[in-house]
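Working notes, beginning with the structure itself.
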Amino acid sequence: MRWITRVAMAVVVFALILAGPGFLIPAEKVAALAAREFSSITGRELVISGSVRPSFYPVLGVKTGPVSVANADWSAEGPLLQAASMEIAVDMTALMAGNVRITGLQVTDPVIVLERNEAGLGNWDFRAVSNGGGTAGPDTPGQGTPFTLDKASISGGSLRYIDHAAGTTVKMDRIEVNARVPDFNGAATVSGSARTGGQDVALSATIAQFAPFIAGRLVPVTISAQAGAADLGFDGQMSLAPLAATGALSADLGDMAALFGLAGVKPPGLPQGLGARSVSVKGDVTLTPEGSAHLRGGAITLDGNVLSGDVDLLTAGDRPKLSAKLVAVDVVIGGGSAVGVGEAAAATAGWSTDAIDVSGLAAMDAAVALSASSLDLGIAKTGPLKVLVTVDRARAVFDLRTLAVYGGAVTGQFVVNGRKGLSVGGDLQFAGIALQPMISGLTGYDRVTGTGDVAVKFLGVGNSEAALMQGLSGSGTLSLTNGEVAGVDVPGILRTLDTSYAGEGTKTVYDAVTGSFVIAGGVLRNDDLVLAAPGLTATGNGTIGIGARDLNYRLRPTAVVKGGNEGGIAVPLLITGPWAAPKFRLDLETVAKEKLDAEAAKLKGKAEAAVAEKLGLQPLEGESLEDAGRRKLNDAIDDEAARALEKLLGGGN
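Count the sequence shown with the working numbering and you get residues 68 to 720, in order.
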């Protein structure tokens with residue numbers, strides 16, 4: 068039995084050793100100290116409710132009931148933080164000496180509310196609570212008793228970020244945070260993870276000087292953050308309240324969906340080449356307390372397009388505004404690979420009815436000056452260009468200062484307006500343009516070659532290619548030289564009056580083509596075309612259906628060379644049908660009608676001459692026979708009246 072007694076005594080002694088510190092822990096004092104220090108640092112009240120009891124595992128300290136942190140006085144969203152419980156770890160050595168030193172905090176299941184009011188002030192800006200004079204005093208936030216924390220953590224947290232100025236709310240859950248402050252005046256570290264917008268996010272940071280940082284001063288900070296496949300790195304200086312920073316930024320936003328998911332919004336429909344898939348940014352960045360961001364010496368990569376220059380983003384006002392001056396080498400937008408002959412042939416099936424998404428234009432206003440060595444738009448590849456792009460309330464204006472394209476140059480303005488639906492317009496001048504690649508790229512029709520000068524004003528309204536082309540309006544002029552039209556030999560047809568001079572292997576070589584046109588309802592009309600070709604000069608008039616992709620045009624020869632001499636019958640040529648398969652027909656009916664009209668006019672002239680001779684009429688130039696008869700009758704009446712008057716006056720003498 069003696070050994071049983073010894074074992075029992077050992078167990079009791081061991082239990083007393085374990086429980087001893089618990090009797091030494093002043094639980095209420097520890098909780099009050101934590102609340103007091105928190106209020107001293109932040110200026111916000113920390114309320115601990117429920118029981119406060121000592122804890123032995125996993126740390127020595129105090130476990131509280133529910134806790135809450137007061138929000139800013141302007142908030143109506145309740146406490147800044149509410150949690151089910153909080154554990155406060157204390158230093159055992161200090162405790163044995165009769166002192167209380169807090170070494171750690173753990174908050175369980177907190178519900179956090181972060182807000183930015185309409186004036187731009189955040190509820191995390193603890194500077195807003197002060198002793199009233201602007202000079203740090205004993206109760207000034209951030210100026211409390213120095214402390215250290217071996218570990219501070221949040222587990223199972225959730226967060227709402229409410230931006231009252233923007234009218235947006237972002238939610239996060241599964242929040243896990245760990246922080247260490249081993250030296251109040253030295254470096255502190257923080258790491259955390261969460262889930263928002265269906266995306267996992269993570270962050271780690273090192274703050275070089277903790278005390279000045281919580282006092283709202285700029286201190287050296289390094290940050291690494293990830294959201295989905297997107298990641299961000301920052302090495303510079305930062306303050307938290309107000310939020311401001313300056314330093315080196317490196318961001319690879321490879322997952323745009325994850326990035327916009329953080330803000331709870333759908334990614335804008337950006338075109339390929341302008342950030343549809345990925346965006347990366349490197350350079351020196353400055354973030355001001357007013358919310359503006361400035362990039363200097365930046366390198367911006369949009370879907371593989373590398374742009375260098377300076378960028379400013381202003382957030383004041385109804386919409387953000389982006390200002391930039393950028394230089395690039397070769398820019399590819401929309402997938403690149405300018406349309407070739409095979410693709411053009413496929414394009415003749417008709418205009419696309421797919422909706423065109425320009426919602427990205429409403430994201431922000433902009434003024435961007437871009438210079439590039441080349442620009443590949445898919446439908447065209449340019450040489451050197453300088454363009455100023457301005458966006459105002461979803462209306463983008465492209466001011467083409469320099470644009471080498473299709474072997475020539477383009478100047479003018481091009482407008483994409485997404486304010487109410489979609490409209491596209493422009494006032495463009497093309498000089499020395501190679502026609503075949505331009506017409507093929509824009510319309511899919513690849514049978515015209517040559518060089519030309521074209522001036523055009525146009526406006527199209529609609530949410531698809533088809534709607535834009537069917538509603539197109541405008542006007543313009545053209546002057547083409549030294550080219551050919553494949554698929555038809557117009558001089559051959561007009562010389563031989565044989566329409567078999569059309570089809571594969573035939574062509575019309577021309578020296579010059581001039582004319583003007585108007586566009587209404589997607590139909591281009593021309594009435595003054597002049598064509599000069601070897602062996603032929605002709606005029607033309609008719610319509611080209613841009614929306615319907617068809618032709619109804621008439622070429623009328625004014626001189627046909629036949630057998631080395633001008634002659635032959637000047638028979639008009641009708642060109643009708645779809646662009647892809649036009650039909651050519653000699654307008655013999657018009658020729659016959661014109662001959663009949665000419666014979667009728669000739670016979671009428673002979674008859675009128677005979678009548679005039681018989682009646683002694685001599686019509687004046689431009690006077691009809693009837694008018695000449697009336698004139699002669701009036702003259703006769705006047706003569707007779709004069710004789711009668713003379714006789715009357717003579718008889719009175």
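Just so you know, even glycine gets a beta-carbon here, dropped at the ideal spot from N, CA and C.
If you check the CB distance, Leu337 and Gly427 come in under 9 Å. Less than 9 Å divides the Cβ of Ala156 from the Cβ of Thr170. Excluding residues up to 5 positions away in sequence, Val552, Ala553, Gly554 lie with their Cβ nearer than 7 Å to the Cβ of Arg514 in the same chain. In this structure, Gly550 lies away from Tyr568, with their beta-carbon atoms at least 9 Å apart. Rounded to whole angstroms, Gln537 and Gly644 show a C-alpha spacing of 17 Å.
In the DSSP assignment, Pro451 falls within the beta strand (DSSP E) that extends over 449-459.
By the 16-neighbour rule on beta-carbons within 10 angstroms, Arg183 is buried.
By the neighbour-count criterion, in which 16 or more other beta carbons inside 10 Å mark a residue as buried, Leu509 falls on the exposed side.
Assignment of beta strand (DSSP E) within the stretch 507-556, counting only whole runs of 3 or more residues, yields 515-528, 540-555 in chain order. By the 16-neighbour rule on beta-carbons within 10 angstroms, Trp141 is exposed. Here DSSP, grouped into helix, strand and coil, assigns Lys487 to coil. Of the residues assessed, Pro504 falls on the buried side of the cut-off, its CB having 16 or more other CB atoms within 10 angstroms. The Cβ neighbour count for Lys650, taken over all protein chains shown within 10 Å, is under 16; the residue is labelled exposed.
For Glu154, the pairing in a beta bridge is given by DSSP as Lys130, Gln173.
Nearest to Arg241 by alpha-carbon distance, out of Asp230, Gln266, Pro249, is Gln266. With contacts defined as CB atoms closer than 9 Å, Leu437 and Tyr473 fail to qualify as a contacting pair. Note on Lys130: 16 or more other CB atoms within 10 angstroms of its CB, so buried under the neighbour-count rule. About 5 Å separates the CB atoms of Val348 and Ala318; that is less than 8 Å, so the two are in contact. Here the alpha carbons of Asp565 and Thr573 stand approximately 13 Å from one another. Classified as buried, Arg616 has 16 or more neighbouring CB atoms from the shown chains inside 10 Å of its CB. DSSP places Ala278 in no beta strand (DSSP E) but in the uninterrupted alpha helix (DSSP H) bounded by 277-281. In the DSSP assignment, Val585 falls within the unbroken beta strand (DSSP E) covering 569-587.
Going by beta carbons, Thr625 and Ala600 fall outside the 9 Å limit. Going by beta carbons, Glu185 and Ala232 fall inside the 9 Å limit. Taking 9 Å as the cut-off, the beta carbon of Gly450 is found no closer than this to the beta carbon of Ala308.
According to DSSP, Tyr620 shares a beta bridge with Gly609, Ile642. Here Leu545 is near Val580, since their CB atoms are less than 9 Å apart. Rounded to whole angstroms, the gap between the alpha carbons of Leu618 and Ala648 is 10 Å. Residue pairing of Asp230 in beta bridges, as defined by DSSP: Arg183, Thr235. When the Cα atoms are used, Gly234 and Gly609 turn out to be separated by approximately 56 Å.
Between the C-alpha atoms of Pro133 and Ser152 there is a straight-line separation of about 5 Å. Residue state for Thr420 is assigned as coil, using DSSP reduced to three classes. By the neighbour-count criterion, in which a residue is buried when 16 or more other Cβ atoms sit within 10 angstroms of its Cβ, Ala383 is exposed.
As computed with DSSP, Gly479 is found in a beta bridge with Leu467, Leu495. Spanning the alpha carbons of Thr516 and Val491 requires a straight line of approximately 27 Å. In this structure, DSSP gives Thr289 an extended state, which the three-state scheme calls strand.
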